[in-house]
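A.B. asks:
Chains as they are written, first to last, in the numbering used here: chain A, 220 to 467; chain B, 220 to 467; chain C, 220 to 467; chain D, 220 to 467; chain E, 220 to 467; chain F, 220 to 467; chain G, 220 to 467; chain H, 220 to 467.
(1) When you compare each of F:420, F:380, F:393 and F:387 to residue 365 (chain F) by their alpha carbons, which one comes out closest?
(2) Residue 408 (chain A) to residue 292 (chain H), Cα distance in whole Å?
(3) Using the Cα positions of residue 336 (chain C) and residue 465 (chain C), report the straight-line distance between them to the nearest angstrom.
(4) For the alpha helix (DSSP H) containing residue 389 (chain E), name the first residue and the last one.
(5) Keeping to the same chain, check which residues put their C-beta closer than 7 Å to that of residue 319 (chain E); ignore five residues upstream and five downstream.
(6) Assuming residue 403 (chain E) and residue 375 (chain D) form a contact by the criterion Cβ under 8 Å, report the distance between their Cβ atoms to the nearest whole angstrom.
(7) Would you decide whether residue 278 (chain G) is buried or exposed? Buried here means 16 or more other CB atoms lie within 10 Å of its CB.
(8) Within the same chain, show all residues whose beta-carbon is closer than 7 Å to that of residue 453 (chain D), passing over the 5 residues directly before and after it, in chain order.
(9) State the beta-bridge partners of residue 326 (chain E) as determined by DSSP.
(10) Counting only runs of 3+ residues fully inside the stretch 378-449 of chain A, write out the beta strand (DSSP E) ranges in chain order.
(11) Look up residue 260 (chain C) in the DSSP assignment and say whether it is helix, strand or coil.
(12) Would residue 420 (chain A) pass as an interface residue toward chain C - the criterion being a Cβ-Cβ separation below 9 Å?
(13) So residue 323 (chain A) and residue 271 (chain A) are in contact, right, with Cβ under 8 Å, and what is the actual spacing, rounded?
(14) Just curious, the beta strand (DSSP E) that residue 457 (chain C) is in, first and last residue?
(15) Let me check one thing: in DSSP terms, what residues is residue 469 (chain H) bridge-paired to?
(16) Looking at the unbroken alpha helix (DSSP H) that takes in residue 332 (chain B), where does it start and where does it end?
(17) Cutting at 7 Å between CB atoms, please list the residues of its own chain near residue 245 (chain B), excluding the five before and the five after it.
(18) When you compare the CB of residue 293 (chain C) with every CB in chain E, is at least one pair closer than 9 Å?
(19) Residue 276 (chain H) lies in the alpha helix (DSSP H); which residues open and close that run?
(20) Is residue 375 (chain A) near the ligand PLP, with its Cβ less than 8 Å from a heavy atom?
(21) What are the residues of the stretch 355-367 of chain F that lie near chain H, defined by any Cβ-Cβ distance shorter than 9 Å?
(22) Run through chain C and tell me which residues come within less than 7 Å of residue 241 (chain F), C-beta to C-beta.
(23) If you follow the alpha helix (DSSP H) that residue 237 (chain C) is in, where does it begin and where does it stop?
(24) If I follow the unbroken alpha helix (DSSP H) through residue 375 (chain F), where does it start and stop?
(25) Which first and last residues belong to the alpha helix (DSSP H) in which residue 350 (chain A) is found?
(26) Which residues does DSSP list as the beta-bridge partners of residue 271 (chain D)?
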């Protein structure tokens, strides 16, 4: 409810166009239902097609299905992350248009047109084993209305492979770097490019990787200054983050 | 060296304007000294006044002084982070224009004009004890040519204080959230605003804070999707990161 | 054995109503069998219907069955936590009245009437994936004789959802907050309400959650002052704790 | 702003007692400045004499002095925790009534009468080295308007010492247990008493105590069900928590 | 090889009773095959029936079977720890006398008479879930030739249960305390008894137990002075250790 | 209070030799003041000269002085661990007989004769930097009435040095192994000797020693079966433990 | 591209033997495709038969199969680590010459002759459970063209077994030590031998081994000076490392 | 004592050239004093001038002085690491030839000629703050008789600086990489060079570096295969290790 709406309401009160009790109720409801920012959020959703998101881990198939049924009525785009095959089969029955990226374990349902900006997001990854996280990030970014360029398997162990792809990396407005093991790729790219870099540590690696801790600490301590970090294996968060920046 | 420069060089070879050996040397030097991206970097520095940065921790006063003497000749802006009082006194002698932010332990030397973009960076912090990190981030962002708005002491324990400042936070192009203890402020702002948020965990807090680990993990696990994280107490990194985004 | 009982015993000795050896034996047994506090405990159990509790993890089906058989004879209410489906099937055979909350993996056997106090316990949770812990806490609290109000899925990422339920949260005598990821919900509620808050970190979340460590540290470091914490995923402990406070 | 106030405002609008712009402004300010709960908070403060709290760690002497000067004007009671001798000297100059508990490093300024309830808080500690935390908890609880009973040096290594004081512990409405090393005291008391126990791990101990981690984990994993835990060395949090419960 | 044996050998050399090359070979072999201590070890094994030990974790069924076949020839007693059902079935085929303690996952093969000393080992445990570790310790101690008394389920949450069994605990020459969760039982017994206590932390417990870390740290930090600690869930080590002390 | 004492008391009641109220009081006091075990403890103290112990860390000089003054009246031997020079100076004034081991930071006051058993305790250490812990253990063991043999600087890096001292190590009834860095010395000795080994990890070492964690974990995971572990740098605990075993 | 090649290219430009655009393109491509070091790498591969390596963990069977199909065309030797049975079956179909070491979970495909140097690599391991890592290291080293000597089951608990094999260990040019639990074997061998030692911690062990952390820290803190460490269970890395040194 | 020496001894026995008791004594002493390997060690020391090493941390000035006095008599080269200024002043008095590298906190005393091999060791470091570790490694390697090339300040944040020095790095026989923060430099060099790389993590960096843990884990998880790791800040270990390899 914008200021002019409040002023309009008060005028209506003054001019007896609305009952006093009714107006009072509207004002009481205001802080929680109609806060300006909530409206902005709704507007943005319409404009850029922001999807509803379901995080499936720890939810039963039935729970996910119910949540998505409810979302489908609202006609918005839908993203279901960490979704196993079984969940996808259940969703497909209530929404045949649902797409499943098996590697990324992510379901996307596009009900609205997307109009990506001109700029694009580059997703760079160190190794093949990082692909599930790359896919989660890519699908997220795409359903949020972005163009995505993937540059796969350019880890630091063979740094010349990275150099042949520098143009496409530098051309992006924002870069997602996905790497496990020691996560050095984020630092190397951070030293070569002057764009915001969102680093995603992955749990890929041998023992003392400690399920991604090594890559996480590596990225947080990056000697390159443009790197910020999201949670281990959090492709969704990286994609979402990059989308906000790409739409600035 | 851009493609046209190479072509020009070859033409000069062809037309005997340059000795063959000299041309060969230029090409041999090319990948390391004159790579395209290096040039871009130089250009950007001139354009937006990107400063040289010295991280003083673990360096002696003499080492810092020598490094800065060298930088001063290049006429660029200079930032010296984690600088104690003693270092500042030494720098002041060789550069009276040096400014010192005691709380943020940061020295700034501005030798070039700055032309900030219209958009600004909001730096939000939870408590008074987070101020040193806020100051480091703010001074960094300002010397990188940005307008900065500081919103101090709006921690989650008194959430209504935050709400009164939401407009200025939402108006920013990018938001830095500085918080110690449990770092919940990043999540709360992330749930209210749709802008990129760079979260800086601080080492402020009681025992099980473990020198910032609690805030770090809290921010990495933020349930709000637009949050990415830099190292504990890394105000410089946050300011640098935010500047890149604010200049997109 | 209260002081007057001892005095009575001594009088009986004096008046030859009891053999000296027999009296000596009673006194020898005293510290371990008849300590005052043990009696108090028994009384309380009768009064408020405190149940016997079996923690099933690490116990075989046979062990649990035997323990509960023994308890059934004592006619008390019984709570079996962390009980898998298989255990429930075994218990049902020896006690058809046993109820099973599958999500909370908890078996309840009510053999005595419960008379809850007027005040109630609010259980607030951040996300759907926290439900198993919510259920464990709720079933525990209910069998301990409390009214429970559940407020589900009001996590910090959408803080306005929380505000619409503040009345019911504030109306409680004690509040259980169940949250995974960064656990910020405890801090936010702690900043809004002046009631004792028992925070339960859950193991819900991405990688650097480290099985609940992030939420645990977050809650322990809460900047809000009324928050105390129980073990990760320990819905039972939270329910038990809240019950003690609600019955003060 | 209660419903009747809104209704009154609308009537004023209707009856031209207030300018429309002014009324609109009041409504716009409403959710953040005048939320019901904020009022409740103010009322409670007046009623039970809740103090303002300053956490001095990480703040300069000047900062603390300024904050307390401001608070003194509001005529409320004041608590400054983690305050070194130097801070106390500075505060004493602007407020001669300030008291300093040197062991607990806590300053208390009582400007309002306190009217403690009949029930009391027991603070039990394992060893002499835990005293600073005991003092912080006790001073906090007392300025929040509670009677406090301290039972010192009854650690598990000499369990019979504890048993002689059980009566006073059981008589309390809520119990704070302060212990370092392995923190077993919380479990032992939890097994003997049916009252809410707030456990405070301390950083007292040899090497593998890891600055309180051992006691913290020990207390979180307590096999006794009525124990909840606050941060390491957080006497203030325990005192505050206990006060809320003691005033239920 | 004792000194007199060497002297005897040299005499044989001198008297041509042994070829010089043969004598040289014996001396070359000496440090590794016939070192005094090795002999002592052999002697002890014969005397007290010390068993050979196989740690089955990480070994294939075939590997374990081969190792035990080889041992069986040497006619010693045999202990196979961490042995699954499948391994037991395989061993039974080559040695029908093998016994299997399913709970303790331990196979014992007694081929020699055992003559326990008069003193005994007490094994005290906190809860039913600790039984597998208790059994591993007990079987180990018994096959090493000791009498064992088990005192089960006397955890700190119900400390009076422990007191009724104090006599049998105090009567032991050495005490093994097995406890998970916070491991407080070791401290409590350490405060009541003046015998060597070997504490075994178990991985039993909720989340922040971190697979036994809580109990491990708790026991290492025990405020009682007679407690030493072995690895998490290491019933074998505790039994072996206790046996050495019981045979002093 | 033994059974015959209770019977005697009852007879006195019967024969009017004691007032009934007085007898009742004695019985009420019984479980906490006069428990059998407390008596045993007192007896043992007299017999073997067990000292009173003060752990000075976290205590003020005044506190330590008061505690020791009180102990001196009881005429027992006294041990004050982790005592700085300043504490020693204060103690010396009230007890000129106090001895100070500066390296071990331990004060010993012997007021009673000690009669060590024939067997002795061997204390073996890896390096010179471990000496403070060795001294703490040795002084503790000696004041507890034991003969001690120290074998210094026989770390694994020069294993032949260890072998030349094996006889004296094997001759001990119990062995304390003090080692920092990786703590391998405990395993090596454990593989050579069949005596109880109490391992003390020390905080000596480079970075990834993490203040003794490396040695602690190393010793807990020792592949040799006779090793149990006390806290990092806990020379006192090791000495106390060894004394109990040496006096079996 | 060597300097003379560049000079040749420029001469061709000068003499019109190449079109200017074409020459420019070659120079642009230069830094990434034809860097000197890349050539050297190719040469080395041809000379010593360095294999291509596939790390199978986190890759699907199909992905591994495709990668190896591509490698087979290049006629190089191939190593696939962390390969399950299923992957091996798939590879065998496209390359019947593939060998599978089941224990080491490693596939080797030798397409080129190997010519090992005279020196050899010794691989020493503590226990049978370390064999999978030993096999991974051995197969890697062999396919990289080295002779390997395995010395198995010579852990510190029975140090005399190690001494009988010292000759073969000392004869190696480089030594790999594989050990779990506390990893003391690396220190012991490091104290006996003056050769480079590559230590591989394994995840073999009881609870507080924390999946190899104990052995890892132990080896990093080794008091012996010639030890360097690779990741937990990283047999491949050790074999590769040792091969580089053995071929110096 | 070699086999022929033993045979010679036996012949002497046979021929009465040595008394039988004397010969027996020599054989008894054999395993500990005269083991073959000890001899080899002595020989090597003479040949390559291996120094004696004193690790000063945790030793008093007096202790270090005594140890070095003793070493000086043996006429070997001496290395004292982690030596503060005060220790150096004390050593200089008893050995004026002692040299002190203040940055590296290392004292070197060269009493014997060094004859370095032709090959050299490259020491590469990421930043100026890593210099103390570089100096410790360099001084160690030099006193062990090696040529050293230092390449300073070529961290990943400016990767082109590294490329200009690749030739000198590739020319080395073995490479030491010293880096703090995320330690990515080891991976990058490992991807460019086919030489053994000894990585030294340093404790240089911001908060979540956790005193070198980030760099340590990063290096252990390096995706480049030729990297092995020594302890945090362990320049000595790296220099020693590299020297062994350089002298192969």
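A virtual CB, placed ideally from N, CA and C, is assigned to each residue, including glycine.
C.D. replies: Put simply:
(1) Along the sixth chain, one-based indexing puts residue 365 (chain F) at 146. If we check each option's Cα against that of residue 365 (chain F), F:393 comes out closest.
(2) Position 189 of the first chain, counted from the first residue, corresponds to residue 408 (chain A). Position 73 of the eighth chain, counted from the first residue, corresponds to residue 292 (chain H). The straight-line gap from Cα to Cα measures roughly 55 Å.
(3) Looking up residue 336 (chain C) in the third chain gives position 117. Looking up residue 465 (chain C) in the third chain gives position 246. Their Cα atoms are separated by approximately 8 Å.
(4) The residue given as residue 389 (chain E) occupies position 170 in the fifth chain. Counting along the chain, the alpha helix (DSSP H) containing residue 389 (chain E) begins and ends at 385-389.
(5) Indexing the fifth chain from 1 puts residue 319 (chain E) at position 100. Once the five neighbours on either side are set aside, the close Cβ partners of residue 319 (chain E) are 307 and 326.
(6) Locating residue 403 (chain E) in the fifth chain gives position 184, where the first residue counts as 1. Locating residue 375 (chain D) in the fourth chain gives position 156, where the first residue counts as 1. 7 Å between Cβ atoms; contact.
(7) On the seventh chain, position 59 is the one that residue 278 (chain G) refers to. Looking at its Cβ environment, which holds 16 or more other Cβ atoms inside 10 Å, residue 278 (chain G) is buried.
(8) Here residue 453 (chain D) corresponds to residue number 234 of the fourth chain, with the count starting at 1. Only 419 meet the Cβ criterion.
(9) For the purposes of this step, residue 326 (chain E) is taken as residue 107 along the fifth chain, with counting starting at 1. According to DSSP, which records beta bridges pairwise, residue 326 (chain E) is partnered with E:299 and E:319.
(10) 393-398, 416-420 and 446-448
(11) Position 41 of the third chain holds residue 260 (chain C). The pLDDT assigned to residue 260 (chain C) is 35, lower than 50, so where the model puts this residue is not dependable, and the model offers no usable value.
(12) Here the question's residue 420 (chain A) lines up with position 201 in the first chain. Cβ-Cβ to chain C under 9 Å: yes for residue 420 (chain A).
(13) Here residue 323 (chain A) is taken as the residue at index 104 of the first chain, counted from 1. Here residue 271 (chain A) is taken as the residue at index 52 of the first chain, counted from 1. About 18 Å; that fails the 8 Å criterion.
(14) Taking the third chain and counting its residues from 1, the one referred to as residue 457 (chain C) is at position 238. Run containing residue 457 (chain C): none in the beta strand (DSSP E); it sits in the alpha helix (DSSP H), 454-465.
(15) The first residue shown for chain H is 220 and the last is 467, placing residue 469 (chain H) beyond what the model contains.
(16) Working through the second chain from its first residue, we reach residue 332 (chain B) at position 113. Unbroken run through residue 332 (chain B): none, as it is neither H nor E.
(17) As a position in the second chain, residue 245 (chain B) is number 26, starting the count at 1. Excluding sequence neighbours, residue 245 (chain B) sits near 228.
(18) The residue given as residue 293 (chain C) occupies position 74 in the third chain. Chain E, which has no Cβ nearer than 9 Å to the Cβ of residue 293 (chain C), makes this no.
(19) What you label residue 276 (chain H) is simply residue 57 of the eighth chain in a count that begins at 1. Taken as a continuous stretch (DSSP letters only), residue 276 (chain H) belongs to no alpha helix (DSSP H), as it is neither H nor E.
(20) Of the ligands one can find in the structure shown there are none, so the ligand PLP has no counterpart to examine.
(21) none
(22) Mapped onto the sixth chain, residue 241 (chain F) falls at position 22. Chain C residues near residue 241 (chain F): none, gap ~10 Å exceeds 7 Å.
(23) Position 18 of the third chain, counted from the start, is the residue given in the question as residue 237 (chain C). Segment: none, residue 237 (chain C) is in no alpha helix (DSSP H) and carries neither H nor E.
(24) Here residue 375 (chain F) refers to the residue found at position 156 when the sixth chain is read from its first residue. From DSSP, residue 375 (chain F) is part of no alpha helix (DSSP H); its letter is neither H nor E.
(25) Taking the first chain and counting its residues from 1, one reaches residue 350 (chain A) at position 131. Unbroken alpha helix (DSSP H) run through residue 350 (chain A): 350-362.
(26) On the fourth chain, position 52 is the one that residue 271 (chain D) refers to. Its beta-bridge partners are D:297.
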